[in-house]
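Per numbering that gives the first Met the number 0, residue 0 is the first one in the sequence shown, and the count goes up by one each step.
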Amino acid sequence: MTGLVDNLEPEGYSVIMARDGRDALKQAMEKLPDLIILDIMIPKLNGFEVCKELKLQGSKASIIILSAKAQESDKVLGLELGADDYVTKPFSPRELVVRVKAVLRRTANGAKAEDFFEFDGIRIDFRKYLILKAGKEIPLTASECEILKMLVSSRGEPVSRHTLLAKIWTDEKVTTRTIDTHVWSLREKLEKDPSNPEHILTAHRIGYKFVE
């Protein structure tokens, strides 16, 4: 991990290192970083467990998972747990720097557009990456927030999966399955019945659209 520090610090980033998963969780909740890079194979708590616990504790940090596991099921699990990107080893230091910049850019852009949106008794706070539903705060990942923002901005009109991919992810290895996984997560957070959505609808052979 020291190699990552050597590549990130010259780009102007302040980097904090953790000894293991428990230390990573503790530091993340105390120091509130903008972005967390999690290796899956870390002691005490693995990267998936840390990612899950961070989201349960309401962390707003963006998360990039590093893993030697290239199976699609592992990538989907990481994204379902709230990660914003998944980088498979081996990777070049420059690639990771580009991924970091892309995730942080999505986060920054998400805070500049429409700040709030309300529908059907639900309030979306795009600045804080939160859904307020029935008096309960439900956190959004940066990627979920960006997808939802694009769908809301084009409400009533379909947005293609490829458009969502091109606007949100820079990794050519990311497939449209990633969009489907994030949309399912959004439906679970927003819809009364995720299996029969009323607001985030599938546009057959195109992508998705949002209706109020």
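Glycine residues also receive a C-beta, built at the ideal position from the N, C-alpha and C atoms. Just so you know, these numbers come straight off a predicted model, no measurement behind them.
For residue j and residue i, believed in contact at Cβ under 8 Å, the rounded distance
{"i": "residue 220", "j": "residue 54", "result": "Residue 220 lies beyond the residue range present for the chain, which begins at 0 and ends at 211; the question has no answer from this structure."}
{"i": "residue 103", "j": "residue 33", "result": "6 Å"}
{"i": "residue 141", "j": "residue 83", "result": "5 Å"}
{"i": "residue 105", "j": "residue 62", "result": "In fact, because the Cβ distance is near 12 Å, the residues do not count as touching under 8 Å."}
{"i": "residue 124", "j": "residue 118", "result": "Contact doesn't hold; Cβ gap of about 13 Å is too wide."}
Three-state secondary structure (DSSP) of residue i
{"i": "residue 202", "result": "strand"}
{"i": "residue 140", "result": "coil"}
{"i": "residue 124", "result": "strand"}
{"i": "residue 110", "result": "Because residue 110 carries a pLDDT of 48, less than 50, the predicted location of this residue cannot be relied on, and the following value inherits that uncertainty. DSSP places residue 110 in coil when its eight states are reduced to three."}
{"i": "residue 197", "result": "coil"}
{"i": "residue 117", "result": "strand"}
{"i": "residue 33", "result": "coil"}
{"i": "residue 130", "result": "strand"}
{"i": "residue 191", "result": "coil"}
{"i": "residue 185", "result": "helix"}
{"i": "residue 45", "result": "coil"}
{"i": "residue 271", "result": "Nothing in the structure corresponds to residue 271, since the chain is present only between 0 and 211."}
{"i": "residue 70", "result": "coil"}
{"i": "residue 93", "result": "helix"}
{"i": "residue 178", "result": "helix"}
{"i": "residue 18", "result": "coil"}
{"i": "residue 173", "result": "coil"}
{"i": "residue 80", "result": "coil"}
{"i": "residue 152", "result": "helix"}
Given residue i as reference, the closest of the options once Cα atoms are compared
{"i": "residue 175", "options": "121, 136, 88, 74", "result": "74"}
{"i": "residue 57", "options": "128, 146, 211, 18", "result": "128"}
{"i": "residue 91", "options": "185, 199, 116, 7", "result": "7"}
{"i": "residue 68", "options": "188, 46, 59", "result": "46"}
{"i": "residue 177", "options": "157, 99, 79, 60", "result": "79"}
{"i": "residue 159", "options": "201, 131, 122", "result": "201"}
{"i": "residue 157", "options": "187, 210, 136", "result": "210"}
{"i": "residue 81", "options": "183, 120, 204", "result": "183"}
{"i": "residue 96", "options": "65, 121, 77", "result": "65"}
{"i": "residue 122", "options": "151, 208, 204", "result": "151"}
{"i": "residue 11", "options": "37, 153, 100, 208", "result": "100"}
{"i": "residue 203", "options": "49, 193, 179, 76", "result": "179"}
{"i": "residue 76", "options": "60, 49, 133", "result": "49"}
{"i": "residue 87", "options": "4, 199, 36", "result": "36"}
{"i": "residue 189", "options": "206, 163, 120", "result": "120"}
{"i": "residue 173", "options": "72, 52, 5", "result": "72"}
{"i": "residue 21", "options": "155, 51, 161, 4", "result": "51"}
Identified DSSP bridge partners for residue i
{"i": "residue 86", "result": "65"}
{"i": "residue 207", "result": "158, 201"}
{"i": "residue 38", "result": "65"}
{"i": "residue 135", "result": "132"}
Handout entry: At least 3 beta-carbon pairs within less than 8 Å: the stretch 38-46 vs the stretch 144-153
Key = no
Problem - Given 8 Å, three or more beta-carbon pairs between the stretch 25-36 and the stretch 2-16 - result: yes
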